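Residue numbers (our numbering): 110 to 725.
Glycine is no exception: its CB is placed at the ideal position from the N, C-alpha and C atoms.
Keep in mind that this is a model prediction, so the values were computed, not measured.
Since the structure comes first, as C-alpha cells, the remarks are kept for the end.
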C-alpha cells in the first residue's frame, strides 16, 4: 500500500506539472494509479473487517466475555490520550502528587472538637471493654471456609499494589490455601494485620466528561485493594457477620435486596397516600462525603456497644491504623499518604461497617414514630447506602425528622449538604407554594425532578418516572454498538448484543413500578427501533422476528420481570418489604397470572411455553 500510495502521489504531481490535462496518456497514468491505491484500501478494509468479525464471533462462541470486550475495545474504542494538563501541571509525577494532596483533604474530620470528644469516648469505652478479658480466638478459619470465600470472588478484577489477582490464588498450587489459612488464623490470634493489607492504589476517574477535565475536583478516587486482604475480609464476614447487621430500613449492602426494592418501597408509600387524598413530600438528604468522613473512634464505640468479640475489634483497630494510599497517574506513582478517616475504599467489610456507623439515624427515626404509615407499618424513611429519603405528608413533621437526622449526624461527626439535598412533592397539591424546610442552616430547594438510585422521579399528581433519561441512555448504548459492529456481525448476533447490553438501560428499575399504558407504549416504540435498524422491518413483521428469535414482546417481558420481582420479595426476610408485599403484592401476582392465562389468544404460539418457563 505504501508503494501504491507513492506511485499515486508521483503520478498526481506529474499530471499537475503538465497543466492538469483531462485526457491523454498522463491523465490515464494518474487515474490508474489513484484507482489502484483506492482499490487496495477497500480490500484492506474488508480483510480487517473479516478478521475482527472472526475474533469476536470466536469469543462469543466460547462465552468468553472478557476476551470479547478486550477485542472490542482494541478495535473500536477511540484511544484518546486523556487530559495531559491537570491544574497547570503536565508532568505525570507532579499530577499524581497533586491528586494525592487533593484526595488526602477529603479524609479529615468535619469538626475537630467533636473528633476529640469521640476519640476520648472510645478510649474510655475500650479500656472498660477489654478490662479483665482474656484475648483468645473464638473462631478459626478452616480450609473449607477459605475455599468457599475464594470461589465467591469474581475473576477479571484489577489487582492492588502487590499485583496479585484472584486468578493467581485460584489456579495456584493447592498448598497456597493451607498457607493462607495459617496466615489468617495467625492474624486472628495476634490481632495484627500485615502492612500490605492497608495499602491502596488510587486511580483518578473523571466524574463528568462534559465539564473541565483539567480540574482536580472533577475526579473521583477509585481505590484498588489487595486481593488477599479482600479474601481475609470475606472470611471475617463469615465469622462475625452477625454482629454487623443493620436496620431493615437500610436497603443497601443486603443480599437479594437492590435499588429496585428501594424504589418500589418509595412508590408504594406515595401511591397509598396519594390515593387517600394526601400530597406526599419526599426529602432526599445528601450526606457530604459520607464514606470518606467516617470517624474511626465513633465506629469502634458503636461496635463495642454491639458486644463484638475483642479479637475482631483488635484486628479492625490495627488495620485502620495502617491505611495508606498512593495515586497512580499514567506511569507515575505518588508517595503514600496516611488515611485516618473513612472506611477503606475497595474493602469488602467497608459497606457493612458504614451501615453500622449510620444505623442509629434510622433507629432514632424509628423511635420518633414520625413519617408516613401504610396499614400501621411506618415507612417514613428509607436508606440505601448513604442515600436517605424522608417521606411524610406534613412539612412540619418533615422538619422535625430532618432535625433528628441532623442531631444524630452531629453525634458521629457527619453533616448533610443543603445544596445537594432536595424535596419533591407528589399529589394533587404538588404545585402549590409551601413553607421552606432547612438542613445544616440552609434552605432545601423544591424540585420538579430528582434522580433517585438511577430512576428519575417527577413532581406530579401521581407517582411517575421520567421516560426521557431511559431513552437517552438506551439510544446512546445502542448507537455505540450499531455504528461499530453492523458490518461485522449478522443480524441475529447483533440483536443478541443489543438485547443483552442495551435493553437493561431501557428497563432499569421498572419491575417494581406500576407503569401506565402510555409509558409502556413509549417503551415499545423505542425498542421497535432496534428491529427497524437491524432487520429493516417495522409493524406486524416484528412479531414474526420475535417468534424466530424466541423473544418475548417487551410488555410481556416486563410482566415476567414483575412476577419474578414480587415472587422474590415474597420470600424476603426484610420486614419492610414483607409488610408492603402483604399490602398489595398478592393482588399484583394474581393479576399477572390472569394476564398470562389470556395471552394465548394473541396468536403467539410460543408465548405459553415462554411464560411457563419464566414463572418456573
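- Residue 359 is a Cβ neighbour of residue 468, given a cutoff of 8 Å.
- As DSSP reads the structure, residue 558 sits in a beta bridge with 567.
- Of the residues 116, 135, 129, the one whose Cα lies closest to the Cα of residue 149 is 116.
- In the assembly as shown, residue 314 is an exposed residue. Its beta-carbon has fewer than 16 other beta-carbons within 10 Å.
- Between residue 207 and residue 325, the CB-CB gap stays under 8 Å.
- Taking 8 Å as the cut-off, the Cβ atoms of residue 438 and residue 205 count as close.
- Contact check for residue 491 and residue 375: beta-carbon distance about 6 Å, within the 8 Å limit, so the pair qualifies.
- Close CB contacts of residue 548 within its chain, under the 7 Å cut and outside five residues either way in sequence, are with 394, 511, 515, 525, 527, 530 (chain order).
- Look at residue 638 here: in three-state DSSP terms it is helix.
- Here residue 238 is near residue 413, since their CB atoms are less than 8 Å apart.
- Within its own chain, the residues whose Cβ lies closer than 7 Å to the Cβ of residue 382, once the five positions on either side in sequence are excluded, are 389, 481, 502, listed in chain order.
- Within the stretch 424-504, complete alpha helix (DSSP H) segments of at least 4 residues are found at 459-477, given in chain order.
- A distance below 8 Å separates the beta carbons of residue 443 and residue 209.
- Residue 542 is classed as exposed because its beta carbon has fewer than 16 other beta carbons within 10 Å across all chains shown.
- For residue 592, the enclosing alpha helix (DSSP H) begins and ends at 577-594.
- Annotated three-state conformation of residue 418 is coil, per DSSP.
- DSSP, read as helix, strand or coil, puts residue 510 in helix.
- Comparing C-alpha distances from residue 661 to each of 495, 678, 637, 371 shows the shortest one belongs to 637.
- Between residue 624 and residue 391, the gap from beta carbon to beta carbon reaches 8 Å or more.
- The bridge partners DSSP lists for residue 533 are 391.
- In the DSSP secondary-structure assignment, residue 552 is bridged to 547.
- The C-alpha of residue 657 lies about 12 Å from the C-alpha of residue 644.
- With respect to the C-alpha of residue 470, the residue from 513, 580, 507 having the closest C-alpha is 513.
- If you ignore the 5 residues before and after residue 130, its C-beta comes within less than 6 Å of the C-beta of 136, all in its own chain and listed in chain order.
- Relative to residue 517, the option among 681, 198, 223, 554 whose CA is nearest is 223.
- Restricting attention to 463, 248, 329, 277, the CA atom closest to the CA of residue 296 is found in 248.
- Just measuring C-alpha positions, the residue of 500, 610, 275, 495 sitting nearest residue 368 is 495.
- The Cβ atoms of residue 446 and residue 307 lie no closer than 8 Å to each other.
- DSSP places residue 292 inside the alpha helix (DSSP H), whose first and last residues are 284-299.
- Secondary structure note for residue 330: its beta strand (DSSP E) is the uninterrupted segment 328-333.
- A direct Cα-Cα distance of roughly 15 Å separates residue 641 from residue 663.
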